[in-house]
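At position 157 of the sequence shown the residue is numbered 143 (our numbering), and the sequence of numbers has no breaks. Where a beta carbon is used, it is the ideal one built from N, C-alpha and C, also for glycine. This structure is a prediction, so every number in the text was calculated from the model and none was measured.
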Amino acid sequence: MKRDLVTLRDLSREEILHLVSLARRLKADVRVRRPHPWLHGRTLAMIFEKPSLRTRVTFETGMYQLGGGAIYLAPSDIQLGTREPVADIAANLSRWVNLIVARTFSHDSVVELARNSTVPVINGLSDLYHPCQVLADVMTLTEIRGAVYGLKVAFVGDGNNMVHSWLLAAAKLGFDFCLACPKGYEPDPDIVAEVMAAAPGRITITDDVMEATRGADVLYTDVWTSMGQEEEADRRRKVFARYQINAEVVANADKDVIVMHCLPAHRGEEITAEVIDCPRSVILQQAENRLHIQKAIMAWIEGAEEARLVNA
Ligand code: CP
Ligand code: NVA
-13 MKRDLVTLRD LSREEILHLV SLARRLKADV RVRRPHPWLH GRTLAMIFEK
37 PSLRTRVTFE TGMYQLGGGA IYLAPSDIQL GTREPVADIA ANLSRWVNLI
87 VARTFSHDSV VELARNSTVP VINGLSDLYH PCQVLADVMT LTEIRGAVYG
137 LKVAFVGDGN NMVHSWLLAA AKLGFDFCLA CPKGYEPDPD IVAEVMAAAP
187 GRITITDDVM EATRGADVLY TDVWTSMGQE EEADRRRKVF ARYQINAEVV
237 ANADKDVIVM HCLPAHRGEE ITAEVIDCPR SVILQQAENR LHIQKAIMAW
287 IEGAEEARLV NA
């Protein structure tokens, strides 16, 4: 049966750790130019309703490095749900390609694609989740700290798609997640309830930046205005003004704190230029790891024998 990666609910803890381990092996092998043509002859369709630098380039590059090919489908090419229904697009693509990655406005579109395709569908960001980014971030923290278990991750900003995926990861992987967000910008209450039930005591949500970040091992932030919310940008700039990672917030965290951002970043808004460019920041390591974790995801989800055997 095919597997999808629509949210982190689709992966067990063991599967996440396996993907991180496989990605680290693939990363090491890229550095010594050892090729892994595990997906030779296979094709990835890349549906994008929103802009992207990292997700597009890393999926496309990753597929080429695995010996396959990728087709980028811009919003104007297929006009998801407008030119024809999402279900019909999924059924057609399933007859030609082996894998689909989709970046959509509505999360329902990714769900609909997965439900109606016979090939695996990977969520490349929706309004509700960004699982590939958080898997790359877990890989990055594993490289630096050996594991994420027991860490305190503090997120400052909007209760958005990144936060939802972090919440699911915290429940699966056993770290503390503390969110500081303005009142009215909390994450989806159903997701919060699900995660608090699964990981009692590990999740904190407050409007107090200092409370959330005190002693944190990791400081994370994301844009105040996500793609699709552009008309709210002026209002959000006022509401979120205090929700910034700056030198004072870094000083409030652990002395060895790791500063993370999924990018793109708006220096001077959610994070100061001084902090994002400081030695504690690992933003480029995170971005680099998108390539390796997504290669691991694609090889594994496609059932490439070599991807399954690692750790066996
Ligand atoms: N972090 C991330 O997904 O970047 P892009 O929007 O550039 O793909
Ligand atoms: N929350 C951001 C993440 C970008 C990678 C957005 O959805 O635009």
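query	result
Segments assigned alpha helix (DSSP H), at least 4 residues, entirely inside the segment 90 to 154	93 to 102 and 117 to 131
Rounded straight-line distance, which links the Cα of Q119 to that of I108	12 Å
Runs of alpha helix (DSSP H) wholly within the segment 36 to 70 (minimum 4 residues, chain order)	40 to 51 and 61 to 64
Helix, strand or coil at R253 according to DSSP, with G and I counted as helix	strand
Neighbourhood of T190 by C-beta, 6 Å cutoff - its chain only, sequence neighbours within 5 removed	C164
Candidates L59, T(-7) and L121: closest to D94 by CA position	T(-7)
Touching by the beta-carbon criterion (3+ pairs, under 8 Å), the segment 173 to 185 and the segment 201 to 208	no
Simplified DSSP assignment, three categories, for H26	coil
Under the three-state DSSP convention, the category A73 falls into	helix
Per-residue burial, V18 [other beta carbons within 10 Å of its own, 16 or more giving buried]	exposed
Among L52, L39, L249 and R40, the one whose alpha carbon lies nearest that of H26	L52
Beta carbon of S151 nearer than 7 Å to that of P117	yes
Limits of the unbroken alpha helix (DSSP H) element including D162	Run containing D162: none in the alpha helix (DSSP H); it sits in the beta strand (DSSP E), D162 to A166.
S267 Cβ short of 6 Å to the ligand CP heavy atom set	no
Residue span of the alpha helix (DSSP H) that contains I279, given as start and end	I269 to I287
M196, buried or exposed, once every other Cβ within 10 Å from all chains shown has been counted against 16	exposed
Expected contact under 8 Å - CB spacing of V235 and V142 to nearest Å	7 Å
Assumed close pair Y58, F34 - CB separation to whole angstroms, cut-off 8 Å	7 Å
Range of the contiguous beta strand (DSSP E) that encloses M182	Careful: M182 lies outside any beta strand (DSSP E), inside the alpha helix (DSSP H) at P175 to A184.
Extent of the continuous beta strand (DSSP E) to which L205 belongs	V204 to T207
Residues near A73 in its chain [Cβ-Cβ closer than 7 Å; skip 5 each side]	E98 and N102
Proximity test, N275 beta-carbon vs the ligand NVA heavy atom, cut-off 6 Å	no
Expected contact under 8 Å - CB spacing of Q272 and A122 to nearest Å	6 Å
Rounded straight-line distance, which links the Cα of A88 to that of T68	16 Å
Contact test: Q119 Cβ vs the ligand CP heavy atom, cutoff 6 Å	yes
L52: CB within 6 Å of a non-hydrogen atom of the ligand CP	no
Inter-residue spacing [alpha-carbon to alpha-carbon] between M213 and N146	11 Å
Opposing strand residues paired with A290 [DSSP bridges]	Answer by DSSP bridge pairing: none, since A290 is not bridged.
Coarse secondary structure for S(-2), derived from DSSP in three states	coil
Counterpart residues of V245 in DSSP-defined beta bridges	L205 and S267
First through last residue of the beta strand (DSSP E) which encompasses I191	I189 to T192
Contacting residues, own chain, Cβ-Cβ under 8 Å from R368 (five flanking each side not counted)	Any property of residue 368 remains undetermined from this structure, which presents the chain solely from -13 to 298.
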